[in-house]
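See below for the structure under consideration.
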Amino acid sequence: MDRIIWLPSKSGRFSVSSAYRALSPEVPNIRWHSFVWNRMVIPRHAFSAWQLLSGGLPTQDNLMNRRMLNESSCILCSGHRENSKHLFFECSYSNEIWNHVKGLLEIKVDNINTNRLWMSIFKLCKGKSVVSAVFSTMICATVNFIWKERNARRFQVFQQELNAVHQGLLLARKLSVRQIEVASDSLRVIKVVNRIEAPPWDYQNQLHEIWDLVSGFQHIRCYHAFRETNRATDHLAALGVNQSLNVFYFISPMTKELCNIIEDDKNCKVYLRSNHYR
Ligand SMILES: [Zn+2]
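End of the sequence shown sits at 278 in the numbering used here; the numbers just go up one at a time, nothing left out.
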């Protein structure tokens, strides 16, 4: 009988730790603990850096690998799947921050070569001198800053999408609509509204109001729609960017572009998600 071999481990046998390493980002196999757990590094910055280096950050790709998520776009640029390498090094947003930091530290390695970049960083931060400790502090603070910005933007999107669902339901009730379909491009909002995922603690009250509204409809279906398959909504959202209103109820007259989008949707135009994401 043929033997099944688990390639990521040397012995060929499966282990959780080898699987975890196989899913981790590209990091040189050298001792980096002293770089992160440095006495000058702020503990929460050290924690972010440690999570990044050990592959434990709950980025979209990691959550997908653990089958906890099926949505993967980068919140900082919306043009790429979110994974640790992209989020922290390749993304245009992060790249600009690193260029500044690398300029200060005189690191000349390109961000695309993550492995070489880490080697240069570890080399600079090696040893027990105050200078190397300051360098470690700067690197860990940079990692933490990018992670914090990413989380703040994700949180903001959740808040906006939840408010939009709430406002839409209130309007439908006011208009005595009895049957409704609700689509959102935030999978988390849909999971929370459908009670598949627990809501954040500070949204409990709003969710109870939404659930009350939901129970008042004769028929309601809340589902996730990818943004690029929901062009009409995206178009309206773009129109609302410079408006003081959070929600558009009616647009009159409808723009030519919106009419074309609706016509495309009526004709069952197929939108290929893979065209948008590399
Ligand atoms: Zn990005």
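Each residue gets a CB set at the ideal place from its N, CA and C atoms; glycine is no exception.
- Between residue 196 and residue 235 the beta-carbon gap is near 29 Å, outside 8 Å, which marks them as no contact.
- In the displayed model, residue 159 falls within a helix according to three-state DSSP.
- According to the DSSP assignment, residue 221 belongs to no alpha helix (DSSP H) but to the beta strand (DSSP E) extending over 219-224.
- Counted as a single uninterrupted DSSP element, the alpha helix (DSSP H) harbouring residue 257 occupies residues 256-266.
- In terms of CA proximity to residue 53, 115 leads the group 93, 79, 115 and 80.
- Counting only residues whose CB is nearer than 6 Å to a non-hydrogen atom of ligand 1, the list in chain order is 74, 76, 77, 80, 86 and 91.
- Annotation for residue 184: the continuous beta strand (DSSP E) segment containing it runs 179-184.
- The Cβ atoms of residue 226 and residue 185 sit closer than 8 Å to each other.
- Our two residues, residue 188 and residue 221, have alpha carbons roughly 15 Å apart in a direct line.
- Between residue 137 and residue 41, the C-beta spacing is below 8 Å.
- A straight line joining the alpha-carbon of residue 162 with that of residue 73 spans about 19 Å.
- The bridge partners DSSP lists for residue 73 are 81.
- Taken atom to atom, the span from the alpha-carbon of residue 223 to that of residue 256 is near 28 Å.
- For the 8 Å CB-CB criterion, residue 83 and residue 61 form a contact.
- Contact between the region 212-219 and the region 172-183 is present: 3 or more CB-CB pairs across the two stretches fall below 8 Å.
- Inclusion of residue 75 and residue 150 in the CB contact set at 8 Å is warranted, their separation being smaller than that value.
- Looking only at 169, 208 and 271, the smallest Cα-Cα distance to residue 232 is reached by 271.
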